[in-house]
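For reference, the structure is listed below as C-alpha cells.
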Amino acid sequence: MSTVIVGGGITGLLLSYSLSDSLVVDFKGPKNSMASLWTIIPPLCGDLFGDCLRSEEIYSTLCNKLGVNFKKVNVIRSSEKKLGGKIIESKEIKELEPKVNLEYAELFDNGMFVEGPQIISSLTKDINMKKEMVKKIVFDNKSISYLETENGKIRADQYIFTLGYGIYELIKGLYNIDVNYFKGHLIITKKIGLKGILIVNDRIAVEGDNLYLNGDSKPQQDQSIDYEEISKTLKTFSNVIGPITDKLEVKVGFRTVVPTGPIVTRISDNAILVGGHKLGFALAPILVEKAISLLKG
Numbered sequence: 002m003s004t005v006i007v008g009g010g011i012t013g014l015l016l017s018y019s020l021s022d023s024l025v026v027d028f029k030g031p032k033n034s035m036a037s038l039w040t041i042i043p044p045l046c047g048d049l050f051g052d053c054l055r056s057e058e059i060y061s062t063l064c065n066k067l068g069v070n071f072k073k074v075n076v077i078r079s080s081e082k083k084l085g086g087k088i089i090e091s092k093e094i095k096e097l098e099p100k101v102n103l104e105y106a107e108l109f110d111n112g113m114f115v116e117g118p119q120i121i122s123s124l125t126k127d128i129n130m131k132k133e134m135v136k137k138i139v140f141d142n143k144s145i146s147y148l149e150t151e152n153g154k155i156r157a158d159q160y161i162f163t164l165g166y167g168i169y170e171l172i173k174g175l176y177n178i179d180v181n182y183f184k185g186h187l188i189i190t191k192k193i194g195l196k197g198i199l200i201v202n203d204r205i206a207v208e209g210d211n212l213y214l215n216g217d218s219k220p221q222q223d224q225s226i227d228y229e230e231i232s233k234t235l236k237t238f239s240n241v242i243g244p245i246t247d248k249l250e251v252k253v254g255f256r257t258v259v260p261t262g263p264i265v266t267r268i269s270d271n272a273i274l275v276g277g278h279k280l281g282f283a284l285a286p287i288l289v290e291k292a293i294s295l296l297k298g
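Going letter by letter, the sequence shown gives residues 2 to 298 in the working numbering.
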C-alpha cells in the first residue's frame with residue numbers, strides 16, 4: 002500500500018525508512034530535528050526509562066546499518082536535585098572527563114549520542130521526498146481522498162501526519178488536541194575533548210563532529226535567538242569546562258508537545274497522527290514502532 006507521510010523531521014524520516022512505497026511531504030525539511038542535541042539520556046526519561054533503552058537499541062542497529070557515527074557514553078550530571086546515580090568526586094570525574102572541573106557529580110553509564118546531521122542525511126538519501134506545502138486535506142466520506150499542495154494533488158492509500166512544528170495548524174480541525182510549542186537553542190562550537198554527556202544544572206553538553214550545547218526550553222513560538230539563554234548556557238559550561246571563546250553557530254528549534262502525552266491514533270479511516278513527545282528525538286523510534294503497528298493493525 003502507498004503511504005504519504007506529512008512531516009520531514011526525524012519521526013517522518015524513520016517512518017518512511019521503515020515503510021515501502023512511501024513519500025514524505027514537507028515544505029521545510031528536517032529543520033527542527035537539525036536543532037536537536039541527538040542524545041538519549043535514560044536517567045532523564047522517568048517512567049519511560051525502558052523505552053529510552055529500547056530506543057538506544059534501535060538507533061544503534063540503524064546507525065550501524067547506515068554507517069552513521071554514534072557512541073554509548075557515560076553521563077556526568079551536576080545538579081542539586083539527584084536522580085539516583087553513583088556519586089563520584091573530582092578525582093574520578095577527572096579520570097573520566099579530564100576537561101571537567103567539578104567537586105562531585107552523579108554518574109550514569111547508559112547515555113547515547115547520535116551524530117544528528119549524519120543520520121538525517123543518510124535517511125533523506127534513502128527515501129522519496131517532496132518539498133511542498135500541504136494546503137488542504139480533502140475527504141471522501143470518512144477517508145482522505147487526497148492532499149492539496151501548492152503544486153497539485155497527492156494521493157495515497159494511507160496517510161501519516163507527524164505532529165511537528167506547523168503541522169498542528171493543518172490537522173487541528175480533524176482531531177481535537179491541545180499542543181504546546183517549546184523553543185530551545187542548539188549551540189555548536191569547536192571540540193574540546195569531552196568524552197561523554199555532561200549535564201550541569203539541566204544544561205547539556207556532548208561532542209561529536211563538534212561540541213554541542215543545549216538545555217533551555219520555554220513555551221514560546223518566537224523564532225528569533227534569545228541571547229540571554231545563550232549567555233546562560235555559555236556561562237554554565239564556562240564555569241565547568243573553561244571559557245568558550247571559539248566561533249559559535251546557534252540554531253533555534255521547536256518541540257511540539259501534547260500535555261497529556263504523545264499521540265499515536267487514527268484521525269480517519271486511512272490516516273494516523275503521531276508525535277507530541279516531550280523527549281523528541283530520544284523517543285522517536287518508539288513512536289514509529291507504535292504507528293506502524295497501528296497502521297498494519
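Think of the CB as a built atom: it goes at the ideal place given N, C-alpha and C, for glycine as much as any other residue.
Straight-line spacing of the CA atoms in Ala157 and Leu295 works out to 17 angstroms. As computed with DSSP, Thr234 is found in no beta bridge at all. In this structure, Gly262 is the residue among Ile41, Leu63, Ser21 and Gly262 with its C-alpha nearest to the C-alpha of Leu164.
Ser37 places its beta carbon 9 angstroms or farther from that of Ser23.
Runs of the beta strand (DSSP E) spanning 3 or more residues and lying entirely within the segment 177 to 255 occur at 181 to 190, 198 to 201, 204 to 208 and 212 to 215, in chain order. When C-alpha distances from Ala292 are compared across Val275, Gly68, Asn129 and Glu230, the shortest belongs to Val275. Nearest in C-alpha terms to Tyr166, of all of Gly85, Ser146 and Val259, is Val259. Apart from the 5 residues on each side of it in sequence, Ile198 sits with its Cβ closer than 8 angstroms to the Cβ of Thr40, Ile42, Val74, Asn75, Val76, Ile77, Gly112, Phe114, Ile205, Ala206 and Val207 in its chain, given in chain order. The closest CA to that of Val139, considering only Val180, Leu171 and Leu108, is found on Leu171. For Ala285, there is no enclosing beta strand (DSSP E); the enclosing alpha helix (DSSP H) covers residues Ala285 to Lys297.
By the CB criterion at 9 angstroms, Asp247 and Lys173 fall outside the cutoff. Just so you know, the alpha carbons of Phe50 and Pro44 end up roughly 7 angstroms apart.
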